[in-house]
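Participant: Submitted below is the structure of interest, expressed as structure tokens.
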Amino acid sequence: MSSSTSSALVLAAAVLLAALTVAQHGSLAAAAGPRVIIVGAGMSGISAAKTLSEAGITDLLILEATDRIGGRMHKKNFSGINVEIGANWVEGVNGGKMNPIWPIVNETLKLRNFLTDFSVATNIYKEDGGLYDEAYVQKIIDRADAVESKGEKLSASLPASGSDDISILAMQRLYDHQPNGPATPVDMVVDYFKYDFEGAEPPRVTSLQTTVPNPTFTDFGEDEYFVADHLGYETVVHYLAGQYLKTDSSGKIVDPRLLLNKVVTEISYSSSGVSVRTEDKSVYKADYVMVSTSLGVLQTDLIHFKPKLPTWKILVIYQFDMAVYTKIFLKFPKRFWPVGKGKEFFLYASTRRGYYAARCQPLRSRPA
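Residue numbers (mature numbering (1 follows the signal peptide of the UniProt record, and there is no 0)): -23 to -1, 1 to 345.
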């Protein structure tokens, strides 16, 4: 993957049922209540319920902690326009396989989107003002791409078990011969844009074997499309939910199998069934419970499991971090930055790695 295809952390469209924790027992029918309870109404929870419905399992209940569905696909009004505070891109398009999200976004819902141009060679600014020379920047980008290509070959040679996996930084030290990794301001900001901006974690803590090359791009293609529709990216989740949940004439979900503002606090499971307790003291019983909350929730004590989850499952949960990714939206009276081809991103090469490193102008018709 070259620098032109680096991107922000976005929806992993290929894994619609990721992060599902299942507690089950031998009974095929609960004494009372639904057969399956799904905790969370984000993309994974709504998709899991859709899959069950298509398999003939319609006796289910979805419990969502907030007052909306969609999870991190979430729009907010900002100065008169809708912006995405969470997922924004359809990653992996125009490759050998079809990304399942893409036809929904582009053909079925026809959400406004555009191909993202990650070119930054002419857009890297110095700390004291002005731009770095394009030839100088391009040389650094080319070197970073060459090191990554070597990393891809090394990654492919490692045992599938992951026993010999290393960090991306270790790989960079091996092939770039810089003891501490990229060190100059331009080296650091190019590195940040390539890895941190893409995966929300720095190379020192990022697995080489599982991220280089990025499976999303390998499977679905390296093109990425930015969703910028006033209806919001969350429309995709509403579309999927509407295929099996009842809606009124306005499209609002009115199905009693979806309960909002239900904060799950405890899940108990045994040979006689499962029960789910919520913050408002309600108790729901079922045969199975599928927990589709974020990894961040699973790594806290917000939901208590009784008995405690098996060790192998706890280990899997803690093998990954829930990264922190911050978007800051600014609107100005008028545009004062260049526009046109190759002017979608602007990088700030600070001596402090990652310091307000990347600027993006996502709303091409607005000074924001």
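All residues carry an ideal CB built from backbone N, CA and C; glycine is no exception.
Which of the three DSSP states, helix, strand or coil, is assigned to Phe297?
Facilitator: Taking the sequence shown and counting its residues from 1, one reaches residue 297 at position 320. Coil at Phe297, not helix or strand.
Participant: Look at the Cβ atom of Gly158, then the Cβ atom of Pro190, and state whether they are nearer than 9 Å.
Facilitator: Residue 158 sits at position 181 when you count from the first residue of the sequence shown. Residue 190 sits at position 213 when you count from the first residue of the sequence shown. No. Outside cutoff.
Participant: Taking the straight line between their C-alpha atoms, what separation do you get for Gln1 and Glu111?
Facilitator: Here the question's residue 1 lines up with position 24 in the sequence shown. Here the question's residue 111 lines up with position 134 in the sequence shown. Because the pLDDT of Gln1 is 48, which lies under 50, any placement of that residue in the model is unreliable, and the number read from its coordinates should be weighed accordingly. Cα to Cα, the separation comes out at about 58 Å.
Participant: What span of residues does the beta strand (DSSP E) with Arg150 cover, start to end?
Facilitator: What you label residue 150 is simply residue 173 of the sequence shown in a count that begins at 1. Run containing Arg150: none in the beta strand (DSSP E); it sits in the alpha helix (DSSP H), Ile145 to Asp153.
Participant: Have a look at Val268 and Val16 and give me their C-alpha separation to the nearest angstrom.
Facilitator: Position 291 of the sequence shown, counted from the start, is the residue given in the question as residue 268. Position 39 of the sequence shown, counted from the start, is the residue given in the question as residue 16. Roughly 5 Å separates the two Cα atoms.
Participant: Between the Cα of Leu235 and those of Lys127, Ala32, Thr43 and Pro136, spot the shortest distance and give me the residue it belongs to.
Facilitator: Along the sequence shown, one-based indexing puts residue 235 at 258. Of the listed residues, the one whose Cα sits closest to Leu235 is Thr43.
Participant: Which word fits Leu5, buried or exposed, when buried means at least 16 other C-beta atoms lie within 10 angstroms of its C-beta?
Facilitator: For the purposes of this step, residue 5 is taken as the residue at position 28 of the sequence shown. Model confidence at Leu5 stands at a pLDDT of 38, short of 50, so the residue's coordinates are unreliable; what they give is reported in the following sentence. Under this definition Leu5 is an exposed residue.
Participant: Relative to the C-alpha of Phe323, which candidate in Arg150, Gly47, Asn71 and Val114 has its C-alpha closest?
Facilitator: Locating residue 323 in the sequence shown gives position 346, where the first residue counts as 1. Taking only the C-alpha atoms, the option nearest Phe323 is Val114.
Participant: Using the Cβ count rule (16 or more neighbours within 10 Å means buried), how would you classify Lys52?
Facilitator: The residue given as residue 52 occupies position 75 in the sequence shown. It is buried - the Cβ of Lys52 has at least 16 other Cβ atoms within 10 Å.
Participant: Is the separation between the beta-carbon of Gly273 and that of Ala263 shorter than 9 Å?
Facilitator: Along the sequence shown, one-based indexing puts residue 273 at 296. Along the sequence shown, one-based indexing puts residue 263 at 286. Their beta carbons are not under 9 Å apart, which means Gly273 does not touch Ala263 by this criterion.
Participant: What runs of the beta strand (DSSP E), each 3 residues or longer, lie entirely inside the segment 193 to 232?
Facilitator: DSSP runs (the beta strand (DSSP E)) wholly in the segment 193 to 232: 200 to 204.
Participant: State buried or exposed for Ser132, treating a residue as buried only when at least 16 other CB atoms are found within 10 Å of its CB.
Facilitator: Sequence index remark: in the sequence shown, residue 132 carries index 155 (1-based). Buried is the call here.
Participant: With distances taken from CA atoms, which of Ile294, Thr193, Gln186 and Arg150 is nearest Pro136?
Facilitator: Translated into the one-based positions of the sequence shown, residue 136 becomes position 159. Looking at the Cα atoms, Gln186 is the closest of the given residues.
Participant: For Gln149, count neighbouring C-beta atoms within 10 Å of its own C-beta (all shown protein chains included) and say buried if the count is 16 or more, exposed if not.
Facilitator: Indexing the sequence shown from 1 puts residue 149 at position 172. Gln149 is buried by the Cβ-count criterion.
Participant: To the nearest angstrom, how far is the alpha carbon of Val97 from that of Ala335?
Facilitator: For this step, residue 97 is matched to residue 120 along the sequence shown. For this step, residue 335 is matched to residue 358 along the sequence shown. Looking at the two C-alpha atoms, the distance is approximately 10 Å.
Participant: Is the segment 312 to 331 in contact with the segment 77 to 87, if contact means three or more CB pairs nearer than 8 Å?
Facilitator: Contact fails: fewer than three Cβ-Cβ distances are below 8 Å.
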